[in-house]
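Below is one structure; the comments refer to it alone.
There are 2 protein chains.
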Amino acid sequence: MAGNVTDKSSESDIVISSRVRLARNLKDFPFPFRMDREQGIGVLNRVKDSLMNNKSALSKDLLFVDIRSLTAIDRQAMVERHLISPNLAESRADCAAIVSRDNRISIMINEEDHLRIQCIYPGMQMDKAWECCNEIDRMLEEKVEFAFEPRRGYLTCCPTNVGTGIRASVMLHLPALAMTGYIGNVLDACSKLGVAVRGLYGEHSEALGNMFQVSNQVTLGQAEEEIIKHINNITSQIIEQERVLRNELYKQNSFRFEDRVFRSYGILSNARIISTEESLRLLSDVRLGVDMGIIKQTGKEMLNELMLLIQPAILQKTVGRPLSSEERDIHRADLLRGKLRPA
Amino acid sequence: MAGNVTDKSSESDIVISSRVRLARNLKDFPFPFRMDREQGIGVLNRVKDSLMNNKSALSKDLLFVDIRSLTAIDRQAMVERHLISPNLAESRADCAAIVSRDNRISIMINEEDHLRIQCIYPGMQMDKAWECCNEIDRMLEEKVEFAFEPRRGYLTCCPTNVGTGIRASVMLHLPALAMTGYIGNVLDACSKLGVAVRGLYGEHSEALGNMFQVSNQVTLGQAEEEIIKHINNITSQIIEQERVLRNELYKQNSFRFEDRVFRSYGILSNARIISTEESLRLLSDVRLGVDMGIIKQTGKEMLNELMLLIQPAILQKTVGRPLSSEERDIHRADLLRGKLRPA
Chain A
3 MAGNVTDKSS
13 ESDIVISSRV
23 RLARNLKDFP
33 FPFRMDREQG
43 IGVLNRVKDS
53 LMNNKSALSK
63 DLLFVDIRSL
73 TAIDRQAMVE
83 RHLISPNLAE
93 SRADCAAIVS
103 RDNRISIMIN
113 EEDHLRIQCI
123 YPGMQMDKAW
133 ECCNEIDRML
143 EEKVEFAFEP
153 RRGYLTCCPT
163 NVGTGIRASV
173 MLHLPALAMT
183 GYIGNVLDAC
193 SKLGVAVRGL
203 YGEHSEALGN
213 MFQVSNQVTL
223 GQAEEEIIKH
233 INNITSQIIE
243 QERVLRNELY
253 KQNSFRFEDR
263 VFRSYGILSN
273 ARIISTEESL
283 RLLSDVRLGV
293 DMGIIKQTGK
303 EMLNELMLLI
313 QPAILQKTVG
323 RPLSSEERDI
333 HRADLLRGKL
343 RPA
Chain B
3 MAGNVTDKSS
13 ESDIVISSRV
23 RLARNLKDFP
33 FPFRMDREQG
43 IGVLNRVKDS
53 LMNNKSALSK
63 DLLFVDIRSL
73 TAIDRQAMVE
83 RHLISPNLAE
93 SRADCAAIVS
103 RDNRISIMIN
113 EEDHLRIQCI
123 YPGMQMDKAW
133 ECCNEIDRML
143 EEKVEFAFEP
153 RRGYLTCCPT
163 NVGTGIRASV
173 MLHLPALAMT
183 GYIGNVLDAC
193 SKLGVAVRGL
203 YGEHSEALGN
213 MFQVSNQVTL
223 GQAEEEIIKH
233 INNITSQIIE
243 QERVLRNELY
253 KQNSFRFEDR
263 VFRSYGILSN
273 ARIISTEESL
283 RLLSDVRLGV
293 DMGIIKQTGK
303 EMLNELMLLI
313 QPAILQKTVG
323 RPLSSEERDI
333 HRADLLRGKL
343 RPA
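Here you go:
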């Protein structure tokens with residue numbers, strides 16, 4: 003999900019967002035887990051200087067975020083917007099992030115590696131995300147030297163990232179595959195093709211709201227373009243299967259299909275107390291209804307916005323104060339009602 | 003429920019309708035189960051003549067319904083409107099009903115007894131229902147002689163009706179007593195006081211939509227007025243308990259209370275397929291929400307109308323053709339959406 007970026011790109015009925023991230027480390031410093039405080043600050047300053055003190059248009063668009071200075075809610079909100087990892091949110095003083103105003107770019111400093119460069123684009127736009135990462139990579143290379151060996155490629159803290167250091171992933175909404183159970187077959191096929199499928203919040207997370215993250219497992223021995231092409235190809239096949247199944251389900255019993263998506267819309271736009279999990283589950287149905295042209299009371303852009311706004315920390319930022327779990331469920335319901343009711 | 007009669011009377015947040023019915027038999031004929039065809043037609047003609055060929059205003063308001071000439075759907079629709087019993091709907095050629103245009107009065111001929119005179123009024127208006135029955139009873143007595151013995155009172159086919167032949171009943175909506183389980187205590191107390199509690203369609207029927215019929219068990223040894231007073235007293239106590247519980251439930255957690263009634267409203271006003279049972283269950287929640295002043299998108303009169311219109315046979319009459327079970331569920335959902343959406 004790409005925050006407040008609007009979503010008008012292709013395949014947006016199924017592809018929520020495309021993401022590329024690069025793992026990089028500076029040659030002159032040990033890996034973060036072996037750094038002392040001074041070294042950590044050294045990395046931080048070098049990266050900050052390289053990216054923010056230059057005359058590019060991109061540079062002006064970037065904001066430096068001192069993670070330690072944020073409240074717990076602000077940090078959590080950044081996790082919910084997929085700008086930083088839960089690890090970075092909880093970590094030490096020399097951690098930071100540099101993000102673009104539109105939230106498309108996020109660079110984590112001193113997480114597992116010195117640098118995690120991430121670009122997210124709405125819909126099926128992996129090539130653009132890759133181009134964007136590449137541009138930041140080049141900007142950095144003008145000022146710093148990366149840990150790199152000709153035979154092994156970029157060196158990273160965890161061996162699974164050595165080589166290109168790239169992870170290309172797409173966030174897919176796959177309600178029909180999930181409903182019918184065929185998602186199991188997709189997962190099997192993906193794992194045989196060296197592709198991982200995870201939930202909404204990456205590793206070990208559940209596929210809340212029928213959202214699945216598809217990404218490459220291998221980073222070594224293939225060029226970046228090949229990896230991206232591979233993910234694009236597999237994604238196209240999953241999209242095709244999901245579309246066929248959606249149409250089959252609709253043809254089998256259009257009334258039952260419409261009943262499901264409209265009941266979910268009815269609950270979401272009337273509930274007074276609702277959890278994040280239930281909201282995501284119902285939003286999945288509503289999104290399916292919108293994608294199939296059945297529900298016209300709302301649109302994809304509003305649903306993308308709501309998927310972010312209902313998250314616990316973003317919700318508390320919107321309301322402007324810390325809320326108990328029950329208060330969040332009440333404010334979440336208020337928000338959903340306000341945004342989903344037809345004008 | 004009093005059909006298309008509007009409901010502006012007192013206690014209408016809990017009392018749906020008040021009903022009085024009198025069992026009567028003509029002295030000159032054997033009980034229906036022992037009559038031959040000719041005798042049956044004799045009873046029918048005597049009653050028809052007594053009620054319809056006189057100059058009273060009431061007489062002009064009555065319609066004679068030859069049950070056998072109706073389609074199965076028309077007969078079932080009369081059952082759903084509580085105008086005739088399921089037994090009468092399925093019975094023999096000499097059965098008939100005389101009903102008033104507003105459906106408040108219904109006189110079954112040759113059901114278990116020669117005559118079952120019924121008057122229904124909306125809300126808590128037992129006295130009016132009794133007065134109305136009494137007027138019809140007097141009209142008949144001017145022309146026919148009832149089977150009556152000074153010591154035993156009116157003779158009826160089933161000994162449980164001997165004496166006054168009266169059954170006074172109220173239809174109560176008791177969601178708070180049902181939700182909390184306290185309805186069990188009410189049922190126990192009622193049975194000790196000689197009062198029966200039944201479901202929406204009388205004996206052996208379930209309490210669909212949290213509707214409970216409270217009526218006297220004893221017809222012998224008490225004057226009609228005493229019986230009616232007894233039912234009125236017990237009803238007042240049940241009403242009081244239901245009101246206290248509703249307010250307690252709301253005070254305990256107003257958000258959860260509102261959540262429940264609004265979710266039900268959201269489903270009812272958005273579903274595309276819905277059964278009678280589910281509709282009645284959700285309508286009970288919505289009615290509770292309206293009674294408590296929480297739901298303002300609809301009103302009690304509309305809910306009373308819907309409780310009738312969603313019934314299978316009435317629904318088919320509205321649509322104008324026989325429908326399969328699945329078609330009914332689809333048309334029922336259409337109807338609910340159309341009637342419940344705020345203008």
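Chains as they are written, first to last, in the working numbering: chain A, 3 to 345; chain B, 3 to 345.
Positions of the beta carbon are idealized from the N, C-alpha and C atoms, including for glycine.
Only a predicted model underlies this, so the values are computations on that prediction, with no experimental measurement involved.
Between the CA atoms of residue j and residue i - distance to the nearest angstrom
{"i": "residue 145/A", "j": "residue 52/A", "result": "6 Å"}
{"i": "residue 23/A", "j": "residue 119/A", "result": "5 Å"}
{"i": "residue 192/A", "j": "residue 47/A", "result": "40 Å"}
{"i": "residue 69/B", "j": "residue 99/B", "result": "7 Å"}
{"i": "residue 307/B", "j": "residue 315/B", "result": "14 Å"}
{"i": "residue 180/A", "j": "residue 277/A", "result": "21 Å"}
{"i": "residue 77/A", "j": "residue 91/A", "result": "6 Å"}
{"i": "residue 133/A", "j": "residue 294/A", "result": "32 Å"}
{"i": "residue 143/B", "j": "residue 255/A", "result": "60 Å"}
{"i": "residue 11/B", "j": "residue 302/B", "result": "With a pLDDT of only 49 at residue 11/B, under 50, the local geometry of the prediction cannot be trusted, and the value read off the model is given with reservation. Approximately 12 Å, taken between the alpha carbons."}
{"i": "residue 190/B", "j": "residue 199/B", "result": "10 Å"}
{"i": "residue 88/A", "j": "residue 299/B", "result": "44 Å"}
{"i": "residue 197/B", "j": "residue 218/B", "result": "5 Å"}
{"i": "residue 106/A", "j": "residue 64/A", "result": "10 Å"}
{"i": "residue 176/B", "j": "residue 62/B", "result": "37 Å"}
{"i": "residue 44/A", "j": "residue 273/A", "result": "51 Å"}
{"i": "residue 30/B", "j": "residue 147/B", "result": "8 Å"}
{"i": "residue 188/B", "j": "residue 246/B", "result": "14 Å"}
Range covered by the alpha helix (DSSP H) that runs through residue i
{"i": "residue 1/B", "result": "One cannot answer for residue 1/B here, as it falls past the ends of chain B, which runs 3 to 345."}
{"i": "residue 188/B", "result": "185 to 194"}
{"i": "residue 68/B", "result": "Unbroken run through residue 68/B is the beta strand (DSSP E), 64 to 68; no alpha helix (DSSP H)."}
{"i": "residue 316/B", "result": "314 to 321"}
{"i": "residue 99/A", "result": "Careful: residue 99/A lies outside any alpha helix (DSSP H), inside the beta strand (DSSP E) at 98 to 102."}
Check whether residue i and residue j have beta carbons under 8 Å apart
{"i": "residue 25/B", "j": "residue 125/B", "result": "no"}
{"i": "residue 1/A", "j": "residue 310/A", "result": "Since the first residue of chain A shown is 3 and the last is 345, residue 1/A is not available in this structure."}
{"i": "residue 332/A", "j": "residue 257/B", "result": "yes"}
{"i": "residue 237/A", "j": "residue 17/A", "result": "yes"}
{"i": "residue 108/A", "j": "residue 86/A", "result": "yes"}
{"i": "residue 305/B", "j": "residue 289/B", "result": "yes"}
{"i": "residue 127/B", "j": "residue 20/B", "result": "yes"}
is_contact[residue i, chain A] using C-beta, thresh 8 Å
{"i": "residue 252/B", "result": "no"}
{"i": "residue 261/B", "result": "yes"}
{"i": "residue 156/B", "result": "no"}
{"i": "residue 271/B", "result": "yes"}
{"i": "residue 312/B", "result": "no"}
{"i": "residue 336/B", "result": "no"}
{"i": "residue 185/B", "result": "no"}
{"i": "residue 122/B", "result": "no"}
{"i": "residue 69/B", "result": "no"}
Cβ of residue i within 8 Å of any chain B Cβ
{"i": "residue 167/A", "result": "no"}
{"i": "residue 275/A", "result": "yes"}
{"i": "residue 33/A", "result": "no"}
{"i": "residue 264/A", "result": "yes"}
{"i": "residue 342/A", "result": "no"}
{"i": "residue 257/A", "result": "yes"}
{"i": "residue 268/A", "result": "yes"}
{"i": "residue 111/A", "result": "no"}
{"i": "residue 16/A", "result": "no"}
{"i": "residue 138/A", "result": "no"}
{"i": "residue 332/A", "result": "yes"}
Residues that residue i bridges to, as DSSP identifies them
{"i": "residue 213/B", "result": "175/B"}
{"i": "residue 200/B", "result": "215/B"}
{"i": "residue 151/B", "result": "155/B"}
{"i": "residue 165/A", "result": "156/A"}
{"i": "residue 170/A", "result": "22/A"}
Residue range of the beta strand (DSSP E) that includes residue i
{"i": "residue 118/B", "result": "117 to 124"}
{"i": "residue 23/A", "result": "17 to 26"}
{"i": "residue 52/A", "result": "Premise fails: residue 52/A lies in the alpha helix (DSSP H), 39 to 54, not in any beta strand (DSSP E)."}
{"i": "residue 12/A", "result": "Taken as a continuous stretch (DSSP letters only), residue 12/A belongs to no beta strand (DSSP E), as it is neither H nor E."}
{"i": "residue 281/B", "result": "Element bounds for residue 281/B: not the beta strand (DSSP E) but the alpha helix (DSSP H), 278 to 293."}
{"i": "residue 108/A", "result": "107 to 111"}
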